[in-house]
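The structure appears below as C-alpha cells.
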Amino acid sequence: MIPAAARTASPTTDTLAEPERATVAAVLAELADLPGALLPVLHGIQDRLGFVPPASVPLIAQALNISRADVHGVVSFYQHFRGAKPGRHVLRLCRAEACQAMGARALEARLRETLGIDFHETSADGAITLEPVYCLGNCACAPSLMIDEEVHARVDADRLDALVARCREA
Amino acid sequence: MAIRVYVPCDTTALACGAEAVARAITAEAARRGLDIHLVRNGSRGLYWLEPLVEVATPRGRVGYGPIRATDVPGLFDAGFLDGGAHALGHGLVEAIPYLASQQRLCFARNGVIDPLDLDDYAANGGWKGLEVALALSPAAIVQCVADSGLRGRGGAAFPAGIKWKTVLDAASARKCVVCNADEGDSGTFSDRMLIEGDPYRLIEGMTIAGLGTGADMGYVYLRSEYPLAFRLFGEAIRRARAAGWLGADVGGSGRAFDIDLRLGAGAYICGEETALLESLEGKRGQVRFRPPLPALKGLFGQPTLVNNVITLASVPDILAHGAGGYRDYGVGRSRGTLPIQLGGNVKRGGLVERAFGLSLRELLHDYGGGSASGRPIRAVQVGGPLGAYLPESKFDTPLDYEAFAAVGAMLGHGGIVAFDDSVDMLEQARFAMEFCALESCGKCTPCRIGSTRGVEVIERIRSGPDRDGSIALLRSLADTMQHGSLCALGGLTPFPVLSALEHFAEDFAPRT
Numbered sequence: 002m003i004p005a006a007a008r009t010a011s012p013t014t015d016t017l018a019e020p021e022r023a024t025v026a027a028v029l030a031e032l033a034d035l036p037g038a039l040l041p042v043l044h045g046i047q048d049r050l051g052f053v054p055p056a057s058v059p060l061i062a063q064a065l066n067i068s069r070a071d072v073h074g075v076v077s078f079y080q081h082f083r084g085a086k087p088g089r090h091v092l093r094l095c096r097a098e099a100c101q102a103m104g105a106r107a108l109e110a111r112l113r114e115t116l117g118i119d120f121h122e123t124s125a126d127g128a129i130t131l132e133p134v135y136c137l138g139n140c141a142c143a144p145s146l147m148i149d150e151e152v153h154a155r156v157d158a159d160r161l162d163a164l165v166a167r168c169r170e171a
Numbered sequence: 046m047a048i049r050v051y052v053p054c055d056t057t058a059l060a061c062g063a064e065a066v067a068r069a070i071t072a073e074a075a076r077r078g079l080d081i082h083l084v085r086n087g088s089r090g091l092y093w094l095e096p097l098v099e100v101a102t103p104r105g106r107v108g109y110g111p112i113r114a115t116d117v118p119g120l121f122d123a124g125f126l127d128g129g130a131h132a133l134g135h136g137l138v139e140a141i142p143y144l145a146s147q148q149r150l151c152f153a154r155n156g157v158i159d160p161l162d163l164d165d166y167a168a169n170g171g172w173k174g175l176e177v178a179l180a181l182s183p184a185a186i187v188q189c190v191a192d193s194g195l196r197g198r199g200g201a202a203f204p205a206g207i208k209w210k211t212v213l214d215a216a217s218a219r220k221c222v223v224c225n226a227d228e229g230d231s232g233t234f235s236d237r238m239l240i241e242g243d244p245y246r247l248i249e250g251m252t253i254a255g256l257g258t259g260a261d262m263g264y265v266y267l268r269s270e271y272p273l274a275f276r277l278f279g280e281a282i283r284r285a286r287a288a289g290w291l292g293a294d295v296g297g298s299g300r301a302f303d304i305d306l307r308l309g310a311g312a313y314i315c316g317e318e319t320a321l322l323e324s325l326e327g328k329r330g331q332v333r334f335r336p337p338l339p340a341l342k343g344l345f346g347q348p349t350l351v352n353n354v355i356t357l358a359s360v361p362d363i364l365a366h367g368a369g370g371y372r373d374y375g376v377g378r379s380r381g382t383l384p385i386q387l388g389g390n391v392k393r394g395g396l397v398e399r400a401f402g403l404s405l406r407e408l409l410h411d412y413g414g415g416s417a418s419g420r421p422i423r424a425v426q427v428g429g430p431l432g433a434y435l436p437e438s439k440f441d442t443p444l445d446y447e448a449f450a451a452v453g454a455m456l457g458h459g460g461i462v463a464f465d466d467s468v469d470m471l472e473q474a475r476f477a478m479e480f481c482a483l484e485s486c487g488k489c490t491p492c493r494i495g496s497t498r499g500v501e502v503i504e505r506i507r508s509g510p511d512r513d514g515s516i517a518l519l520r521s522l523a524d525t526m527q528h529g530s531l532c533a534l535g536g537l538t539p540f541p542v543l544s545a546l547e548h549f550a551e552d553f554a555p556r557t
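So the protein lines, in turn, are chains A and B.
Oh and the first sequence: position 17 is 18 in the working numbering, straight run, nothing missing.
Oh and the second sequence: position 407 is 452 in the working numbering, straight run, nothing missing.
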C-alpha cells in the first residue's frame, strides 16, 4: 500500500497551465463562499480536471483564506483526491469483506498481473488507473468494481478481462 | 392506455444490467407497435432477482427476473405485458415469500414508486408525517420520537429521543440537522438503497427533525462512492424545493428548513460523527474529543443533531402512525424494525426489513438460501468491518442490540456478510488491522500505531517461531486499542480480530 502522502505531491511552486488555472478560478468563483467550502471546491476541481493539481493549492488557499498547509493536509487526507492526472479510465476495485467473500482477492491479483501495476498507478498504455475502494454498496451482488462512475456486479475473471479490454479500446 | 413497465434505476440493478434491459424493452415495444410507459423505480431489495422487471396488471404487479437484455424478446413473446407465464416469472411481486414475509415500514415505498415523482410519493403516504409534525410543538415531536423507542440506526443505537431533546433544549440562534449518509461499512447498502429508491422520505424525516429541534438547516453528508445516489438526491432536493416542501415556507406553514447535499471523499472515518462534522467544515476528517457533545456544540460550533439515514427516514411513519405503532415492533429494548442487509456469499442477497428478534440462522437460510457457492457457511461478519466474526454455533442469536452485545458482537448498521468454508480467518483478522491502519485518522496512538503493529504481529503468528508469544502480544495490543482509542475505529477493530482468534483458532495454528 502506498501511503497517502506519497500519492499527492507536496505543494510546489510549479505554475498551473492556463486552461487549468481558468478551471480552478471558475470553481473557486462558484463555490468559495459556501460554508465549509474546501471539499466542494476540491470535488469541483477533480470532477473537471480528473485530479487536483498540486500547483492549484496556493490558489485555493488564497481564495478560502486558509494556509497552503491546511489545503495540502486536506487533499492528502482523503483517498478520493489524486494529485496526478489519471488514465482514460479509473477502475476502482472493491477490497472490502463482502467482495472478499466472493473472490475479490483473486480479481485483485489478476488485475495487478494483467495491468502490470499496483494500486494508485496507471497502466503503461494510459488506459486504466487502478484504485482500491472499500465498499460500493453492492454487497448483495459481489464482487464489485466501478469503472469511472459505473458499477459492475458479480465480476468473475472473464468479465474482468472483458471490462479491461473495453477500457483499453476506448 | 399504456401498460406500465418498471425497470429499477438503483445502483445494484444497474450493475446487473438494468439499463440495457430498459433500452431493450423500449426498443422491442416500439418494434411491435405496443404502447408502454416505462417507469424507472428504485429497487425492492430482492437483489438476487435484479434486474427485476415488473408489469402492472389488473391483479397487481407481476415480476420477472433476473432479466438480461437478450431475454426481452422472449418476454414479449410470452405476453409479459399481460402478466404471461415465463421461465423467469415470479408471479405477483408482493407475494414473493422473501418480500411477503417482511415488515416493511421504512422501505414500504422502495421499488414501488418512481423515486423522483412527487405525485407518486404523495399518493403513497408521503408527507403525512410532516403534516402531523407541522401541527405539533417541537417538544411534542421530540416526545413522539422518544416514545417510539427509536434508536440510532447508524450503529451506536443511541436513543434518538434523548439526542433530539438535547438539541431542542440547547439555546442557540442557529442549529443544524446533519444526516450521516457516509455508509462505509462493508456489507451495508440500506442508506444507498433508500436514497436511490425513496429520497423524499429522507427529506421529510430531516424536515421533521428540523421542526423538532429548532434547526432550519440540514446537511446530508453522502459518501463519494455513491455517485448515482448523489445525482438522484440532488435532484430530489431541487424538486422538493420547487414544490415548496423545502425552503422558507415548508408546505405553506411559514416555517423554514432547507437541505444542502455534500459529498465525502473516501474516508471511512468520516462515518464517525465528529470526524464527519470536521469534514463538513472543510477539514481533515479527524475525530474530536468529547465533550462537548455535537448536540451542544457541533457543526460550526452550533447545536447539531447528527442521525443516520435510516434513523431519519424512520421518523415520518412514527409521526404519521403514532409512536405506539412503531414501538409494538421488536423485542426488549430494540424497538421497531431493522433493515437488514444480506451480502457476501449468500444465494439470495438483499434487503430484509423485519422487526428485531429474527435469528441469524433464519436470515442466512430462510432468506439467504445458504451460500452462493453451495459450500457450508463458516463465518458471518455482522455490523461492518468492525463487527465480530461469528461461527455457526452463534447463528441462533436473535438480532437485538443487547443479545448481540452479550455474545461479544454488535448489530451496527445491520449488515451481514457471509463467508463459506474456504475463508482463511487469520487473513480476515489481518485485513481488519490493515483496514484500521489505512483508515485511521491518526489522532490517537492506539489506533494509528496499534493497527500497523497489529498487521505485523498477525503476520508473525502465521510465519514466526514464537506463535504463542505473538498471540499473547496480539491480545495485549487489542486490549490497548479497545480501551485506549478515541473512537470506535480503533476501539472496535479488536472485535473482528479477537472473534476470529476465539472462534476459528484452527486458522491461527501452524500450517502443516
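Note that the Cβ used here is the ideal one computed from N, Cα and C, for glycine as well.
Keep in mind it's a predicted model, so treat the numbers as computed, not measured.
Using a Cβ-Cβ cut-off of 9 Å, arginine 237(B) counts as an interface residue toward chain A, since at least one Cβ of chain A sits closer than that to its own. According to the DSSP secondary-structure assignment, threonine 382(B) is paired through a beta bridge with Ala400(B). Distances from the alpha-carbon of threonine 130(A) to those of Ser57(A), Leu92(A), Pro54(A) and Leu164(A) put Leu92(A) closest. In the three-state DSSP reduction, glycine 388(B) falls in the strand class (E or B). Distance from isoleucine 253(B) to leucine 247(B) at the Cβ level is roughly 11 Å; contact not present, criterion being Cβ atoms closer than 8 Å.
When the beta-carbon positions are compared, alanine 451(B) and phenylalanine 78(A) stay at least 9 Å from each other. Secondary structure within the region 262-344 of chain B: the beta strand (DSSP E) runs of 3 or more consecutive residues, fully enclosed, are 262-267 and 303-308 (chain order).
Asparagine 66(A) has a beta carbon lying at 9 Å or more from every beta carbon in chain B. Every unbroken stretch of the beta strand (DSSP E) spanning 3 or more residues and falling wholly within the region 64-110 of chain B is given here in chain order: 81-84, 98-102 and 105-109. Nearest CB-CB separation between glutamine 80(A) and chain B: below the 9 Å threshold.
Within the same chain, Cβ atoms closer than 7 Å to the Cβ of threonine 382(B) are found at Gln148, Leu150, Cys151, Tyr374, Glu398, Arg399 and Ala400, the five residues on either side in sequence being excluded. Spatial neighbours of valine 117(B) in its own chain (CB-CB distance under 7 Å, excluding positions within 5 residues in sequence) are listed in chain order as Val66, Ala69, Ile70 and Glu73.
Secondary structure of aspartate 465(B) (DSSP, three-state): strand.
In the structure shown, alanine 178(B) falls within a helical segment according to DSSP collapsed to helix, strand and coil.
The shortest CA-to-CA distance from serine 438(B) to any of Glu447(B), Ala424(B) and Gly432(B) is the one to Ala424(B).
Using a Cβ-Cβ cut-off of 9 Å, alanine 141(A) counts as an interface residue toward chain B, since at least one Cβ of chain B sits closer than that to its own. Burial state of glutamine 63(A) is exposed, judged by a 10 Å Cβ sphere holding fewer than 16 other Cβ atoms.
Using beta-carbon distances, threonine 57(B) counts as an interface residue toward chain A, with a partner under 9 Å. In terms of CA proximity to arginine 498(B), Thr525(B) leads the group Cys486(B), Asp511(B), Thr525(B) and Gly394(B).
The shortest CA-to-CA distance from histidine 135(B) to any of Glu479(B), Val542(B), Pro111(B) and Pro491(B) is the one to Pro111(B). Chain B has a Cβ within less than 9 Å of the Cβ of leucine 43(A). DSSP, read as helix, strand or coil, puts glycine 88(A) in coil. When the alpha-carbon of histidine 548(B) is set against those of Ile422(B), Tyr434(B), Gly263(B) and Pro361(B), the nearest one is in Tyr434(B). Histidine 73(A) counts as buried, since no fewer than 16 other beta carbons sit within 10 angstroms of its beta carbon. Listed in chain order, the non-local C-beta contacts of glycine 388(B) below 6 Å within the same chain comprise Gly232, Gly394 and Val462, local neighbours out to five positions each way being set aside. Residue pairing by DSSP places glutamine 426(B) opposite Tyr434(B) and Val462(B) in a beta bridge.
Around the beta carbon of phenylalanine 334(B), fewer than 16 other beta carbons sit within 10 angstroms, so the residue counts as exposed.
For leucine 126(B) and alanine 60(B), the gap between their C-alpha atoms comes out near 25 Å. Using a Cβ distance threshold of 9 Å, phenylalanine 275(B) and leucine 256(B) do not count as a contacting pair.
For the C-beta of serine 145(A), the chain B residues within less than 7 Å are, from N- to C-terminus, Ala60. Counting C-beta pairs closer than 8 Å gives fewer than three between the region 218-234 of chain B and the region 178-188 of chain B, which falls short of the contact rule. Residue pairing for alanine 550(B): DSSP places it in no beta bridge. Close to arginine 329(B), with beta-carbon spacing below 7 Å, are these residues of chain A in chain order: Gly74, Val75 and Phe78. Buried is the label assigned to lysine 208(B), since at least 16 other Cβ atoms lie within 10 Å of its Cβ.
Among the residues facing chain B, histidine 121(A) is not included, as its CB has no counterpart in that chain under 9 Å away. Closest in C-alpha terms to asparagine 169(B), from the list Ile158(B), Ala178(B) and Pro339(B), comes Ile158(B).
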